[in-house]
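Participant:
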Amino acid sequence: MQFLSPEEWTAVALSLRVAFWATLLALPLAIAVAWWLARREFWGKQLLNGLVHLPLILPPVVTGYLLLLTFGRRAPAGAWLEETFGLIFAFRWTGAALAAGIMGFPLMVRAIRLAIEAVDPKLEEAASTLGASRAWVFVTVTLPLILPGVIAGTLLGFAKAMGEFGATITFVSNIPGETQTLPSAIYAFLQVPGGEASALRLVVISVVIAMTALLLSETLARRAAKRVSGR
């Protein structure tokens with residue numbers, strides 16, 4: 001990383017921090033929603049499925065603006081979180097993590113849901129007949145079998161969080177050292193004369209991180225699948 005300037009390195013480090021927390025906090029909810037969509041029939045299921053995937057089809061700027069309306073410091077939810085927990089999202093790195101997590105959430109849910117639907121429900125039913133609780137069945141039977149899908153969804157969500165731009169810049173702006181992630185830094189460098197070299201270096205870093213995440217996702221998912229199948 002010696003070829004990066006301090007400003008560029010700050011953007012890389014902040015992006016990794018934002019993507020890590022976005023993925024870590026979104027994963028448990030993604031698993032729960034994926035299981036609910038895969039294993040349960042209920043009124044409003046298609047509506048929930050649509051809401052989950054909405055960030056994929058909405059313009060990212062719209063998602064960011066909705067986040068600002070919901071979690072801004074003067075918005076009801078944002079004001080309550082600040083007064084109750086001291087948690088501030090607008091124009092903070094925490095808001096960048098929230099936006100990145102929401103944008104990567106549909107990819108995580110989809111990958112995990114497909115993995116759950118591939119598991120034979122009879123295996124779970126057999127464990128239940130032996131007296132295991134639903135939670136224990138999930139932990140001991142379902143989760144090991146869907147591990148490849150969880151790994152794939154996690155890394156895809158991480159890669160998406162690293163590359164998120166539209167929702168992030170709309171919700172938390174582009175503040176160096178606070179909310180300026182890799183995409184925001186690239187955009188900022190392209191707006192100033194002589195910034196092309198810095199932008200290109202960050203583009204290279206972005207491509208390397210994205211390809212590493214994708215290759216790692218394929219490798220780990222393949223190994224997990226072999227371990228689950230016993231081959």
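For reference, each letter of the sequence shown is one residue, going 1 to 231 in the UniProt record's numbering.
Even glycine gets a Cβ: it sits at the ideal position worked out from N, Cα and C.
Are there 16 or more other CB atoms within 10 angstroms of the CB of M1, so buried, or fewer, so exposed?
Facilitator: Confidence at M1 is low in this model, with a pLDDT of 47, below 50, so the placement of that residue should be treated as unreliable; the coordinate-derived value is given next. M1 is exposed by the Cβ-count criterion.
Participant: Does DSSP classify M1 as helix, strand or coil?
Facilitator: Reliability fails at M1, whose pLDDT of 47 lies under 50, so the model's placement of it is uncertain and the value that follows must be treated cautiously. Here M1 sits in coil by DSSP.
Participant: For R73, does the three-state DSSP call read helix, strand or coil?
Facilitator: Coil, per DSSP.
Participant: From which residue to which residue does the alpha helix (DSSP H) around A32 run?
Facilitator: 6-39 is the span of the alpha helix (DSSP H), which, as asked, contains A32.
Participant: Apart from the five residues just before and just after T129, which ones in its own chain have a Cβ nearer than 8 Å to its Cβ?
Facilitator: Excluding positions up to five away in sequence, the list is empty.
Participant: Roughly how many angstroms lie between the CA atoms of residue 280 and V119, to the nearest whole one?
Facilitator: With the chain covering 1 to 231 only, the question about residue 280 has no answer from this structure.
Participant: CA-CA distance, G50 and K160?
Facilitator: Rounded to the nearest angstrom, the two C-alpha atoms are 19 Å apart.
Participant: Could you pull the start and end residues of the alpha helix (DSSP H) that V52 belongs to?
Facilitator: Element bounds for V52: 45-57.
Participant: Do you know whose CA, among V12, W35, V204, lies nearest E124's CA?
Facilitator: With distances taken between Cα atoms, E124 lies closest to W35.
Participant: For R201, which of A96, T63, T142, F189 has the nearest alpha-carbon?
Facilitator: That would be F189, whose Cα lies nearest to the Cα of R201.
Participant: Does DSSP put G153 in a helix, in a strand, or in coil?
Facilitator: Residue state, collapsed to three classes: helix.
Participant: Please name the residue in E7, M162, K45 whose C-alpha comes closest to that of F105.
Facilitator: Checked all of E7, M162, K45; the closest Cα to F105 is M162.
Participant: Output the boundary residues of the alpha helix (DSSP H) element that contains S184.
Facilitator: Here the alpha helix (DSSP H) through S184 covers 182-190.
Participant: If you measure between the beta carbons of M103 and E164, is that distance less than 9 Å?
Facilitator: Closer than 9 Å, so yes.
Participant: Can you list, in chain order, the residues of its chain whose CB lies under 6 Å from that of R222, leaving out five sequence neighbours each side?
Facilitator: Excluding sequence neighbours, R222 sits near nothing in its chain.
Participant: Counting pairs of Cβ atoms below 8 Å between the stretch 165-174 and the stretch 60-73, do you hit three or more?
Facilitator: Cβ pair count under 8 Å is three or more, so yes.
Participant: For the stretch 89-103 against the stretch 22-36, are there 3 or more C-beta pairs whose distance is under 8 Å?
Facilitator: Yes, they touch.
Participant: Since I believe A38 is in contact with I116 (beta carbons under 8 Å), could you give me their beta-carbon distance rounded to a whole number of angstroms?
Facilitator: The pair is a contact, with the Cβ atoms about 4 Å apart (cut-off 8 Å).
Participant: By DSSP, does I88 sit in helix, in strand, or in coil?
Facilitator: In the structure shown, I88 sits in coil (DSSP, three-state: anything other than H, G, I, E or B).
Participant: Spatial neighbours of S195 within its chain, please: CB distance less than 8 Å, with the 5 preceding and 5 following residues excluded, ordered by chain position.
Facilitator: Residue identity check: residue 195 is Gly in the sequence provided, not Ser. So the list reads A188, F189, once near-sequence residues are dropped.
Participant: I need the straight-line Cα distance from V109 to F158, nearest angstrom please.
Facilitator: Their backbone Cα atoms lie some 13 Å apart in a straight line.
Participant: Measure the C-alpha to C-alpha separation of E41 and E218 and round it to an integer number of angstroms.
Facilitator: Spanning the two alpha carbons is a distance of roughly 31 Å.
Participant: When you compare each of L107, G86, A90, L81 to P55 by their alpha carbons, which one comes out closest?
Facilitator: Here the closest residue by C-alpha is L107.
Participant: Below 7 Å CB to CB, which residues in the same chain sit around E33 once its five sequence neighbours on both sides are set aside?
Facilitator: Here the sequence assigns Val to residue 33, which means Glu is not the residue at that position. Closer than 7 Å at Cβ, skipping near neighbours: V52, V109.
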